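According to my numbering, the sequence shown is numbered sequentially starting from 13.
Working notes for the structure below.
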Amino acid sequence: MTALTSLAPPAPLTVDEPRARFRDLLLGEWFKLVSLRSIRWGLILGMLGLVFLNANAAIADVNDWDHFLPAQREFFVPAGSLAASFTNNACIATLLITGSLGAVSLVSEYSTGQIRTTFAAVPARRALLSAKIIVLTAVMTVFGLVATGTSFFVSQAILSGKHAGISITEPGIWRALLASALLPPVCALTGLGLAALIRHSAATIVGTTTVLLLIPNFLSENHHWSACLFHATPFRAWQVLHDLVGAPVNPHIPFPAEPAGEWVVYLAWALGGIVVTLFFGTRRDV
């Protein structure tokens with residue numbers, strides 16, 4: 013009996029490891045985000061693409077300026093100048109770029125299986141996902157601010173050659189600039205939520221593109237139900253908020269949107285992406 017006892021394996025030593033501090037989780041998520049080549053190149057090329065789209069629109073307006081009628085020139089400043097600072101095409105590109113990058117920031121971990129290692133190292137899934145949400149929101153907000161500010165100053169510098177530019181102190185300009193700057197984090201959080209829900213790379217990217225871009229293209233403002241759905245999309249919310257404050261409402265639109273309501277749309281999509289991420293990311297097996 014004594015011999016058997018001596019051959020028994022020693023009891024494992026228990027070591028109380030300190031729980032990861034939230035700032036450590038933030039730092040870890042930051043390193044994971046910037047270590048993804050797709051994220052780094054997506055941010056760089058996306059930034060250059062947005063600035064190019066807006067600068068190209070300003071160049072086209074300068075080239076056509078001599079052919080504008082006096083009434084067109086009067087209307088162009090400030091409405092046309094503002095439209096050239098962040099174009100409709102730039103909005104579409106923002107939806108695709110930032111929505112996809114937000115999805116990739118999470119779905120890449122599911123596709124590679126890294127998410128198992130992450131959750132094994134940090135069992136507190138809600139804290140971990142909260143850190144990811146904060147880091148992604150901060151990065152995309154900076155991206156939006158830089159892309160919007162650079163596009164505005166570049167386009168206005170180009171338009172100033174024809175004395176058609178506007179100043180950043182123009183009344184009502186800040187609402188339009190803020191709407192463009194906040195569009196990237198809204199789209200990125202939407203993509204993050206869809207990644208937590210779908211968890212498949214290709215399907216998540218297709219789903220993000222469908223939700224943010226394709227569905228709004230099938231909606232219109234001709235019928236009440238369709239207008240309500242259209243006004244509830246980030247695409248239409250940006251269009252309304254990017255209009256100059258005090259601009260006349262198009263009389264041909266039977267169900268126009270209100271800017272105050274479109275700020276709520278921005279908030280609802282961002283919070284929706286956060287809630288979906290935390291719910292499905294903490295309750296479903298990896």
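Glycine is no exception: its CB is placed at the ideal position from the N, C-alpha and C atoms.
Model, not experiment: these values are computed from the prediction.
Alpha helix (DSSP H) segment containing residue i, residue limits
i	result
Lys174	Element bounds for Lys174: n/a, residue is neither H nor E.
Glu41	34-47
Val223	Run containing Val223: none; DSSP gives neither H nor E here.
Leu283	271-295
Proximal residues to residue i (C-beta, below 7 Å), its chain only, five neighbours per side dropped
i	result
Ile240	Looking at the sequence provided, one finds Cys at residue 240 rather than Ile. There are no such residues.
His236	Phe267
Ala191	Trp250, Leu253, His254
Ala244	Val277
Ser123	Ser213
Three-state class that DSSP yields for residue i in the structure shown
i	result
Gly184	coil
Ala136	coil
His243	helix
Arg211	coil
Thr99	coil
Phe155	helix
His79	helix
Glu233	coil
Gly61	helix
Ser50	helix
Phe267	coil
Gly125	coil
Leu256	coil
Ile145	helix
Ser117	helix
Ile178	coil
Reference residue i; option with closest CA among the options
i	options	result
Trp53	Phe87, Ala83, Leu113, Phe34	Leu113
Val276	Leu62, Leu194, Asn75, Ala95	Leu194
Leu140	Ala249, Ala280, Lys44	Lys44
Ala115	Val198, Ala136, Ser172, Asn234	Val198
Gly285	Val134, Gln126, Leu209, Ile56	Leu209
Gly293	Phe131, Gly40, Asn101, Glu41	Phe131
Leu279	Ile227, Ala200, Val46	Ala200
Gly184	Arg211, Phe155, Leu256	Leu256
Ala72	Pro271, Ser93, Ile56, Glu182	Ser93
Leu148	Ile51, Arg295, Ser167	Ile51
Ile265	Glu233, Val287, Gly273, Pro271	Glu233
Gly125	Arg211, Thr220, Val287, Ile56	Arg211
Ala272	Leu283, Phe291, Arg248, Thr289	Arg248
Chain-order list of residues whose beta-carbon lies under 6 Å from that of residue i (same chain, five-residue window excluded)
i	result
Val119	Ala207, Ser213, Thr216
Ala69	Ala96, Thr99
Met59	Ala159
Cys103	Trp250
Lys174	Val74, Trp77
Lys144	Glu41
Ser238	Leu231, Ser232
Expected contact under 8 Å - CB spacing of residue i and residue j to nearest Å
i	j	result
Leu38	Ile146	6 Å
Val89	Ala176	6 Å
Leu204	Leu107	With 8 Å as the limit, Leu204 and Leu107 do not qualify as a contact, their Cβ atoms being about 14 Å apart.
Phe242	Leu231	4 Å
Thr202	Trp281	6 Å
heavy atom of the ligand GDP below 7 Å from residue i C-beta
i	result
Gln168	The ligand content of the structure shown is nil, which means the ligand GDP is not present either.
Own chain partners of residue i with C-beta closer than 8 Å, once the 5 adjacent residues on each side are dropped
i	result
Phe87	none
Thr162	Met59, Val63
Leu48	Val116, Ser117, Ser120
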